[in-house]
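Those protein sequences? They're chains B and V, same order as listed. Once you know that position 195 of the first sequence is 1463 in this note's numbering, the rest is easy, because the numbers rise by one and skip nothing. Once you know that position 144 of the second sequence is 1412 in this note's numbering, the rest is easy, because the numbers rise by one and skip nothing. Ideal Cβ placement from N, Cα and C applies to all residues, glycine included. Note that the structure is predicted; figures quoted are calculated from it, not measured. Below is one structure, written out as structure tokens; comments come after it.
Protein chains: 2
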Amino acid sequence: MIIAVDAMGSDHAPQVEVEGALKFVEENKNVEIVLVGDSKKISEYLNFPHERIKIIHTSETIGSDEEPLKAIKTKKTSSMVMALKEVSEKRADAFVTAGNTGAALAGGLFILGRIKGIERPALSPIFPGEKGEFIMLDIGATSDGKAKYLEQYALLGSAYAETRGINNPRVGLLNIGVEETKGDELRKEAYELLQNNKNINFIGNVEARDIFKGYADVIVTDGFSGNVALKVIEGTAGFVMQVLKTNLLSSLKSKILTFLLKKELKGMKKSLDYRETGGSLLIGVNAPLIKAHGSSNSYAFYNALKLSKTVCENNLIEKIKEKLEN
Amino acid sequence: MIIAVDAMGSDHAPQVEVEGALKFVEENKNVEIVLVGDSKKISEYLNFPHERIKIIHTSETIGSDEEPLKAIKTKKTSSMVMALKEVSEKRADAFVTAGNTGAALAGGLFILGRIKGIERPALSPIFPGEKGEFIMLDIGATSDGKAKYLEQYALLGSAYAETRGINNPRVGLLNIGVEETKGDELRKEAYELLQNNKNINFIGNVEARDIFKGYADVIVTDGFSGNVALKVIEGTAGFVMQVLKTNLLSSLKSKILTFLLKKELKGMKKSLDYRETGGSLLIGVNAPLIKAHGSSNSYAFYNALKLSKTVCENNLIEKIKEKLEN
């Protein structure tokens, strides 16, 4: 297996990309990595030549504030476009980037291409929940939702969950109430499509406050509200941690007790850390494309590489195609 | 000041309503309360006659799963409709309920009536933030958003924040990125309206992960994504607390240390507890209408009564009318 990596994407590129890659190939002897980016900067963090890490040099990059489509169309020798081409031209099996999200999406669409039958690919992160993981999609690939996209997300998410070992995944529609009649026009229309599609194990609406409760394995929503949900999760978790800290460090006594609970509090932080899942899969394009957080550290990037490997090994793209043919 | 209370609305009615009212009048000597509901059930929790708590008896109620508009139109002697009439017919100054949200909204619209110039009233809870409180609206009064509604929310929210002591409140648009061009069609259109309205101190987009950071005093959004945001906050806070608990109670040692930190952890819980703010104001109707959580305890209901008093004392309705005339 070969993973093509945009080595220049993250806020701390290429350090986190290189360090993540080194840790990853160390643990996965059957994987090779192609780092695409500035060879001089990359070699600051990598003893070259490396047995299973190749560098494809380019000095062009796509910045985080560039207009995505234009960047993909015009910057043919950027690290992102060149790494994507490694995959589209079959020299690599998966693509991982921590760069410009919009450009990664545009690259997925125009370089990897959509799977036949899928109009809009979806960003689909995996979340920890009270009874195991769940997938939520779309969390921002498409801002303006349509009911038929949500139906496609349900099929994509089901295939994804199945490859992660969940049998007959339960699909819920993110909504503002559990009753069938709840929500805006988009939700009402999507509800009907989901209910009438025999290839979807639709369990009805899931309220946003219940997403962690394990009622559904796959939660579908439009990219706008999905992105709001994702970021509110991040914001709230951060706020709660801050309030916790303020309270725990309010006196000398509590500081000492907190110090003695260091291990337990670290365990908590780990369970909640987005860096543990490493990135979101862009599902619905012809090859695994993982978008890692721009502020990823090397551990988060390592986890994104791990996810790309799992997606390859599980033959997700093939599974999706099978599902769409049914 | 007289507050009309739907005494039969909450999951534990009328106990929490009566207990909340008793605590409230005890602390606020200049306030009278009218409890509308089943006098026999109410008197189980109230020594009658009470100096400043009156009962208006009715045995009809509106259930939490009833069709809201129909219930308001047909159940003329329900506790909710009768309490609302106390306000619309000027025998009371504010209305508080923990009952059916949809019915409370319909009652607000059809019994209290909209303020001239406001097409859609908004549910507008107050949240704790890192640098003080902020108001988010709408969080679910209207599912299908329009840009002009969001503009009206900005005016309503600004007036509300001003009456709470915030000078020239900063208004942010909840969005999936900070740049002007971000978001769906609704957001783009709303951005323009907000930017061009001289009566709004618009600071641009606020990402959902930053709502607690204090960049804006008022955050406007459509009712669907606002409701998702609100409930994701609840769900995430609950999930984080559960993970914290699991970790802190993982061994005997950590259990003992946690016990010694009881006070600090309680302080944390208090800072995050929705019961502290008590309820959401339905802003944009002709009188203060507070919707408390259906699962409120008596402390939460007491806080909802407190909020209704503050809104009255601050002359919010008059302030809104002034603002709309400018």
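{"query": "C-beta contact flag for Val1302 of chain B and Ala1555 of chain B at 7 Å", "result": "no"}
{"query": "Tyr1428 of chain V vs Asp1406 of chain V beta-carbon contact at 7 Å", "result": "no"}
{"query": "Alpha-carbon spacing of Phe1480 of chain B relative to Val1474 of chain B, whole angstroms", "result": "10 Å"}
{"query": "From B:Leu1573, B:Leu1520, B:Asp1333 and B:Glu1387, residue whose alpha carbon lies closest to that of Ala1275 of chain B", "result": "B:Leu1573"}
{"query": "Cross-chain neighbours of Asp1485 of chain V in chain B, by beta carbon under 7 Å", "result": "Here the premise fails: no neighbours, minimum Cβ distance about 16 Å."}
{"query": "Exposed unless 16 or more other CB atoms sit within 10 angstroms - verdict on Glu1357 of chain B", "result": "exposed"}
{"query": "DSSP three-state assignment for Ala1362 of chain V, whether helix, strand or coil", "result": "strand"}
{"query": "Closer than 7 Å at the beta carbon, the chain B residues around Gly1408 of chain V", "result": "Ile1444"}
{"query": "Buried or exposed (CB count within 10 angstroms, at least 16 for buried), Arg1359 of chain V", "result": "exposed"}
{"query": "Backbone secondary structure at Lys1534 of chain B - three-state DSSP", "result": "helix"}
{"query": "Ile1468 of chain B versus Ile1271 of chain B: straight-line alpha-carbon distance, rounded", "result": "32 Å"}
{"query": "With 16 other Cβ atoms within 10 Å as the buried cut-off, status of Lys1343 of chain B", "result": "buried"}
{"query": "Backbone secondary structure at Met1276 of chain V - three-state DSSP", "result": "coil"}
{"query": "Pick from V:Asp1279, V:Glu1285 and V:Val1273 that is closest to Tyr1567 of chain V, judged by C-alpha positions", "result": "V:Glu1285"}
{"query": "Cut-off 7 Å between Cβ atoms - residues of its own chain near Asp1279 of chain V, not counting five sequence neighbours on either side", "result": "Gly1562 and Ser1563"}
{"query": "Check whether Ile1323 of chain B and Ser1307 of chain B have beta carbons under 7 Å apart", "result": "yes"}
{"query": "CB-CB length for Phe1470 of chain B against Gly1413 of chain B, believed under 8 Å", "result": "Contact doesn't hold; Cβ gap of about 17 Å is too wide."}
{"query": "Supposed contact pair Gly1482 of chain V and Gly1425 of chain V - C-beta distance, whole angstroms, cut 8 Å", "result": "That belief does not hold up - the Cβ atoms of Gly1425 of chain V and Gly1482 of chain V are roughly 15 Å apart, past 8 Å."}
{"query": "Per DSSP, cross-strand counterpart(s) of Phe1395 of chain B", "result": "B:Phe1402"}
{"query": "Ala1484 of chain V vs Ala1415 of chain V beta-carbon contact at 7 Å", "result": "no"}
{"query": "Identified DSSP bridge partners for Val1486 of chain B", "result": "B:Ile1403 and B:Val1439"}
{"query": "Euclidean distance between Cα positions of Gly1400 of chain B and Val1364 of chain V", "result": "40 Å"}
{"query": "Chain-ordered neighbours of Phe1292 of chain B on chain V, where CB pairs are closer than 7 Å", "result": "Correct list: empty, because the minimum Cβ distance to chain V is about 27 Å."}
{"query": "Paired residues, beta bridge with His1561 of chain V - DSSP", "result": "His1561 of chain V pairs with nothing; no bridge assigned."}
{"query": "Contact residues within the region 1458–1474 of chain B, judged by C-beta distance below 7 Å to chain V", "result": "none"}
{"query": "Spatial neighbours of Lys1450 of chain V in its chain, beta-carbon cut-off 7 Å, leaving aside the 5 residues before and after", "result": "Asn1443, Ile1444 and Asn1473"}
{"query": "From V:Met1404, V:Val1486, V:Ser1519 and V:Leu1557, residue whose alpha carbon lies closest to that of Phe1378 of chain V", "result": "V:Leu1557"}
{"query": "Close-in-space but distant-in-sequence residues of the same chain around Ser1411 of chain V (CB under 6 Å, 5 per side omitted)", "result": "Gly1491 and Phe1492"}
{"query": "Pro1393 of chain B versus Asn1582 of chain B - alpha carbon distance", "result": "16 Å"}
{"query": "Segments assigned beta strand (DSSP E), at least 3 residues, entirely inside the region 1473–1525 of chain B", "result": "1486–1488"}
{"query": "Interface positions of the region 1361–1373 of chain V facing chain B (Cβ-Cβ less than 8 Å), listed along the chain", "result": "none"}
{"query": "For Val1553 of chain B, three-class secondary structure by DSSP", "result": "strand"}
{"query": "Chain-order list of residues whose beta-carbon lies under 7 Å from that of Leu1540 of chain B (same chain, five-residue window excluded)", "result": "Ala1505"}
{"query": "Buried versus exposed, by CB contacts within 10 Å (16 or more), Lys1531 of chain V", "result": "exposed"}
{"query": "Given Asn1220 of chain V as reference, the closest of V:Thr1526, V:Leu1462 and V:Leu1337 once Cα atoms are compared", "result": "Missing from the structure shown is residue 1220 of chain V; chain V here goes from 1269 to 1594 and no further."}
{"query": "N- and C-terminal bounds of the alpha helix (DSSP H) containing Val1284 of chain V", "result": "Gln1283 to Glu1295"}
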